[in-house]
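A quick write-up on the structure given underneath.
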Amino acid sequence: MSIFDKKRKKLHRSESIVFGREGNEIVKEAYNRLKDNILYFAVDGTKKVIQVESSIAGEGKTTTVSNLGVCLGLSGKKVVIIDLDFRKARTHRSFEIENVDGISDYMVGRVSKEEMIKQTKYENVSIINRGSEVTNASVILTSEKLKKLIEELKKDYDFILLDCPPVLLISDYIHISSLSDGVLFVVAYAQTKKKQVSEAISLMKNNNMNIIGAVYSFYDYKKSNNYSEYNYGYYNYYGYGDKNKKK
Ligand SMILES: Nc1ncnc2c1ncn2[C@@H]1O[C@H](COP(=O)(O)OP(=O)(O)OP(=O)(O)O)[C@@H](O)[C@H]1O
Ligand SMILES: [Mg+2]
2 MSIFDKKRKK LHRSESIVFG REGNEIVKEA YNRLKDNILY FAVDGTKKVI QVESSIAGEG
62 KTTTVSNLGV CLGLSGKKVV IIDLDFRKAR THRSFEIENV DGISDYMVGR VSKEEMIKQT
122 KYENVSIINR GSEVTNASVI LTSEKLKKLI EELKKDYDFI LLDCPPVLLI SDYIHISSLS
182 DGVLFVVAYA QTKKKQVSEA ISLMKNNNMN IIGAVYSFYD YKKSNNYSEY NYGYYNYYGY
242 GDKNKKK
């Protein structure tokens, strides 16, 4: 599965969400297909907690989790996105929300659950940002309070998307895996080395983690062979794109 093209590199955080703005039809379509795969994975209604991982930093986890969340919300699913990347909290920026009164504040009883959960400007999408600095991530990630919170959220939301730190850099993925139903693995196309990807995958497999699928980020669909087909097909059905590009 491929998303975005390389040229759009340095986007302002809030611009990383393609929905609700003109253009990017091919990218939106790719997210829709990702969303359909996730809906299929969760069809029996028991699997709700998706852990979004990658091998190294900067591969597009936060961008993917934010767009997937908005896409699920647009399809009528109630979604909450939780920023569990305690060392580098970024998810709140995608939704232009201040990083205050977050999960770290809730864990120490400074804010209530209601104060912690923030409605975004996107339909059906809420976010739980990190909040105050976290000194010991594993204490929070292995706490009964977090486990209980996830169980409570499962009653109110169709999907709980976890934005996580990269596998090869930080071992939080192990603790987080005991909270999640499956891992969506993000790979920066033609950037992350095969060795890094296979190392990350074997680390996750060694911890019996359920990898439900992988998604390419930084994929330049214009260079892909099936671009013309896709675009052509796109034209037929949706009335835009380059109809002359049929092979
Ligand atoms: N599919 C993509 N195509 C092009 N640029 C992208 C794509 N996904 C993310 N980016 C850009 O790459 C940068 C890193 O993205 P993002 O923060 O989502 O990665 P991350 O995996 O969450 O990083 P970290 O490990 O630091 O949390 C951002 O500037 C973002 O706009
Ligand atoms: Mg991130």
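If you read the sequence shown in the numbering used here, its first letter stands for residue 2, the second for the next number, and so on.
Using N, Cα and C, we set each Cβ at its ideal position, and we do this for glycine too.
Computed from a prediction, not measured in an experiment: that's the story for all the values here.
Any C-beta of chain C under 8 Å from that of residue i
i, result
"F87", "Protein chain content of the structure displayed is limited to a single chain, and chain C is not contained in it."
Start and end residues, beta strand (DSSP E) containing residue i
i, result
"E54", "50 to 55"
"S113", "Unbroken run through S113: none, as it is neither H nor E."
Element boundaries [alpha helix (DSSP H), containing residue i]
i, result
"D164", "From DSSP, D164 is part of no alpha helix (DSSP H) but of the beta strand (DSSP E) over 160 to 164."
"V66", "62 to 75"
"Y107", "104 to 108"
"I98", "Taken as a continuous stretch (DSSP letters only), I98 belongs to no alpha helix (DSSP H), as it is neither H nor E."
"A201", "195 to 207"
Nearest residue (CA-CA) to residue i, options the options
i, options, result
"L170", "S95, A58, T92, I151", "A58"
"L142", "Y174, I161, R94, V112", "Y174"
"E16", "V50, T63, S76", "T63"
"I151", "V112, A191, M108", "M108"
"D45", "V188, T193, A201, F160", "F160"
"E145", "Q197, L180, E26, K114", "L180"
"N33", "S203, G103, G77", "G77"
Supposed contact pair residue j and residue i - C-beta distance, whole angstroms, cut 8 Å
i, j, result
"L167", "S56", "It should be noted that the sequence gives Pro, not Leu, for residue 167. With 8 Å as the limit, P167 and S56 qualify as a contact, their Cβ atoms being about 6 Å apart."
"G74", "E124", "5 Å"
"S218", "E60", "6 Å"
"V140", "S105", "Not quite, the Cβ-Cβ distance comes to about 10 Å (not below 8 Å), so this is no contact."
"T92", "I39", "So it is not a contact: roughly 18 Å between Cβ atoms."
"L35", "D164", "Not quite, the Cβ-Cβ distance comes to about 15 Å (not below 8 Å), so this is no contact."
"V216", "T65", "6 Å"
"N130", "G103", "4 Å"
"D182", "K49", "6 Å"
"L154", "I51", "Not a contact, Cβ separation roughly 13 Å."
Local conformation of residue i per DSSP, three classes
i, result
"D84", "strand"
"A189", "strand"
"V184", "strand"
"K119", "strand"
"A215", "strand"
"V126", "strand"
"I175", "helix"
"T92", "helix"
"R34", "helix"
"S139", "helix"
"K156", "helix"
"L169", "coil"
"V28", "helix"
"E23", "coil"
"S133", "coil"
"I18", "coil"
"Y222", "helix"
"K78", "coil"
Neighbouring residues (CB closer than 5 Å to any heavy atom of ligand 2): K62, T63, R91
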